[in-house]
Amino acid sequence: MQQQALARAFGCARVVFNDGLRARREARVAGLPYVCDGDLPKRVITQAKRTPERAWLGEVSAVVLEQALADLNVADRNLFASLSGRRKGRKVAPPRFRSRKDNRQAIRFTKNASFKVLDKGRLRLPKIAT
Numbered sequence: 095m096q097q098q099a100l101a102r103a104f105g106c107a108r109v110v111f112n113d114g115l116r117a118r119r120e121a122r123v124a125g126l127p128y129v130c131d132g133d134l135p136k137r138v139i140t141q142a143k144r145t146p147e148r149a150w151l152g153e154v155s156a157v158v159l160e161q162a163l164a165d166l167n168v169a170d171r172n173l174f175a176s177l178s179g180r181r182k183g184r185k186v187a188p189p190r191f192r193s194r195k196d197n198r199q200a201i202r203f204t205k206n207a208s209f210k211v212l213d214k215g216r217l218r219l220p221k222i223a224t
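Each residue of the sequence shown is one higher than the one before, starting from 95 at the first, in our numbering.
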């Protein structure tokens, strides 16, 4: 049960990240303005949850989805800083789509997500059965 809930959370975070990256790339190719950090969650999370194809995004904690977009925003900021020369070190490549086949899966919870460390090191995460 917990493995399925975690797998669902990993998958939803991947889909939201990829949807956000796709929205920004399509806007750039079409010559539209950059999709800013404030508009992206509305388009990729809120509006997507209302469609029948993406209604399953509501089954996971919203914090996981928001943090996936925050990761995308950081990747974009690092890219722009690298291109302008403000970032030290090697040049950064544009963010890539996250793959379903990649073994590296990660989600993040914030303190507002009300996760708890229980006795004996157990962990309670929102919308994931204990």
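A virtual CB, placed ideally from N, CA and C, is assigned to each residue, including glycine.
Quick check on the burial criterion: 16 or more other C-beta atoms within 10 angstroms. Buried or exposed for residue i?
i	result
Arg192	buried
Phe111	buried
Asp133	exposed
Leu212	exposed
Ala142	buried
Nearest to residue i by CA position, among the options, is which residue?
i	options	result
Arg116	Lys195, Ala207, Thr204 and Asp170	Asp170
Ala156	Ala124, Thr140 and Pro127	Thr140
Leu159	Val109, Asp213 and Ala101	Val109
Gln98	Arg118, Pro146, Asp213 and Glu153	Glu153
Arg202	Arg194, Leu212 and Pro220	Pro220
Cys130	Leu163, Ala149 and Gly215	Leu163
Asp165	Arg102, Lys210, Gly215 and Pro135	Pro135
Arg102	Arg148, Arg190 and Ser176	Arg148
Ala200	Ala142, Phe209 and Gln161	Gln161
Hey, could you find the ends of the alpha helix (DSSP H) residue i is sitting in?
i	result
Ser193	That residue, Ser193, is in no alpha helix (DSSP H); it is neither H nor E in DSSP.
Cys106	Gln96 to Val123
Gln161	Ala156 to Ser178
In whole angstroms, what separates the C-alpha of residue i from that of residue j?
i	j	result
Val138	Arg198	23 angstroms
Asp113	Arg144	15 angstroms
Phe104	Thr204	16 angstroms
Asn167	Arg118	11 angstroms
Met95	Gly125	45 angstroms
Cys106	Lys182	33 angstroms
Ile222	Gly179	42 angstroms
Arg289	Leu173	Nothing about residue 289 can be reported from this structure: the residues present for the chain run from 95 to 224 only.
Pro146	Arg194	22 angstroms
Tyr128	Arg190	17 angstroms
Ala175	Lys214	43 angstroms
Determine which residues share a DSSP beta bridge with residue i and list them.
i	result
Lys210	Arg218
Should residue i be flagged as near chain C, meaning a C-beta pair shorter than 8 angstroms?
i	result
Arg192	Among the chains of the structure shown, chain C does not appear; only one protein chain is present.
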